[in-house]
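Novice: Chains as they are written, first to last, in the numbering used here: chain L, 1 to 172; chain C, 1001 to 1172.
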DNA sequence: AATATTTGATATGGTTCATAACAATTATCA
DNA sequence: TGATAATTGTTATGAACCATATCAAATATT
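(1) Closer than 9 Å between beta carbons: that is the criterion. Which residues of the segment 69-99 of chain L meet it against chain C?
(2) Taking the straight line between their C-alpha atoms, what separation do you get for residue 172 (chain L) and residue 146 (chain L)?
(3) Counting only beta-carbon atoms, is residue 948 (chain C) nearer than 9 Å to chain L?
(4) Tell me the rounded alpha-carbon separation between residue 1036 (chain C) and residue 30 (chain L).
(5) Using a Cβ-Cβ cut-off of 9 Å, state whether residue 161 (chain L) counts as contacting chain C.
(6) Within 10 angstroms of the Cβ of residue 1043 (chain C), are there 16 or more other Cβ atoms? Answer buried if so, exposed if not.
(7) Following the continuous beta strand (DSSP E) through residue 123 (chain L), name the residue where it begins and the one where it ends.
(8) Once the 5 residues before and after residue 63 (chain L) are set aside, which same chain residues still bring their CB inside 7 Å of it?
(9) Taking the CB atoms as reference points, tell me whether residue 81 (chain L) and residue 150 (chain L) lie closer together than 9 Å.
(10) From this set, L:57, L:53, L:166, which residue's C-alpha is nearest residue 1169 (chain C)'s C-alpha?
(11) Whose C-alpha, out of C:1087, C:1094, C:1083, C:1104, is nearest the C-alpha of residue 1115 (chain C)?
(12) Excluding five sequence neighbours on each side, which residues of the same chain lie with their C-beta closer than 8 Å to the C-beta of residue 1133 (chain C)?
(13) State the Cα-Cα distance for the pair residue 1002 (chain C) and residue 89 (chain L), rounded to the nearest angstrom.
(14) Keeping to the same chain, check which residues put their C-beta closer than 7 Å to that of residue 1130 (chain C); ignore five residues upstream and five downstream.
(15) Looking only at DSSP bridge pairs, what is residue 1111 (chain C) linked to?
(16) Please return the same chain residues whose Cβ sits closer than 7 Å to the Cβ of residue 158 (chain L), not counting the five positions on each side in sequence.
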């Protein structure tokens, strides 16, 4: 299940430094994962970290985190909504959403507008700059990030994976 | 870590309060996810949170987090290893692993023993109690947690999902 | 009108994650 | 051999994330 011993071991010049008789990657020294590799939660977490890492790399020129990108996407798709609505659908608690919005607003990517109907709530809107950054981010994500994932998994597997994850997130 | 909402909600009688004409889940008011649902990272994170949530529920009698469970599993499968080795294979930074071990050791689930070869390192061992707790945890995870996942996804899908996640975690 | 609820916000504490630094020990190598 | 470098566990520390209680203003409910 681990990395198969490549044939490069055969040609490797004898340089026994430590106990590195076998050490394929920069990992540690070949521990047995055991039942850990069959634990869905474990694999999910590891995969998620890798995917987020790649996302950050791909979208680094725009300085957007996955969470920020998801906010911009949602604002674009759902105009006229307030903070509570956006935060809720993203699973972000309202108190924690305040600082997130402050950051986006300070970069002039979105703005809070007092609603005329309900003067408690803030209607969230993308600024022109916000729309421009989102467009560029979408392109980066599609061509660099998702493209890579699809290439690694294969298109049909990628779709199946999405379907299963959605089902997991849906049914408890 | 608080008490999860009990299943008493299940018997909740129809109490239409607001504009809940249509609202499948306890969500918000039907926002459009848009391209968000096609973002693998987003779905991964949401699914991972749900799965961990369920793990905590299932193994609650033993008061074990997913991370703690993974440490016990690894200690059982790999005797004679030190802190650095265990931490590395789990992707935990050594400084952060110290407190984790303190917690497990204070509960008498594992112990640090000074190595005779290298008096810097601590050889980690499961205690008898640790082995007993691990055995019970394994049973709970298998019969409650994973069983549920397999039931939701179907056995072959579950296997395919694991395979894809492992591949993702492997190839950058 | 009196009371309750909602909205955005602040304060706060917990948990996770990452980095620098340190003492003790061991490895390297000039 | 002895000087220097590297490793191990540890502490300290700060950033980022997550959760709860509470508040004033505004609105809804009765």
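Backbone N, C-alpha and C define an ideal beta-carbon position, used for all residues, glycine too.
Keep in mind it's a predicted model, so treat the numbers as computed, not measured.
Specialist: With the given structure in hand:
(1) Flagged, chain order: 69, 70, 73, 74, 76, 77, 78, 81, 84, 85, 86, 87, 88, 89, 90, 91.
(2) Our two residues, residue 172 (chain L) and residue 146 (chain L), have alpha carbons roughly 26 Å apart in a direct line.
(3) The question about residue 948 (chain C) has no answer, for chain C in this structure spans 1001 to 1172.
(4) Spanning the two alpha carbons is a distance of roughly 37 Å.
(5) Any Cβ of chain C closer than 9 Å to the Cβ of residue 161 (chain L) would place that residue at the interface, and such an atom is present.
(6) For residue 1043 (chain C), the number of other beta carbons within 10 angstroms of its own is at least 16, and it is reported as buried.
(7) 122-126 is the extent of the beta strand (DSSP E) around residue 123 (chain L).
(8) Result list for residue 63 (chain L): empty, nothing under 7 Å.
(9) It is not a contact, given that the beta carbons lie outside the stated cut-off.
(10) When only C-alpha atoms are compared, the closest one is L:53.
(11) Nearest to residue 1115 (chain C) by alpha-carbon distance, out of C:1087, C:1094, C:1083, C:1104, is C:1083.
(12) Excluding five sequence positions before and after residue 1133 (chain C), the CB atoms of its chain that fall closer than 8 Å to its own CB belong to 1062, 1064, 1072, 1109, given in chain order.
(13) The predicted position of residue 1002 (chain C) is uncertain, since its pLDDT is 30 and thus under 50; no value can be drawn from it.
(14) So the qualifying residues of the chain are 1072, 1109, 1110.
(15) DSSP output for residue 1111 (chain C) lists C:1125 as bridge partner(s).
(16) Taken in chain order, the residues that qualify are 149, 150.
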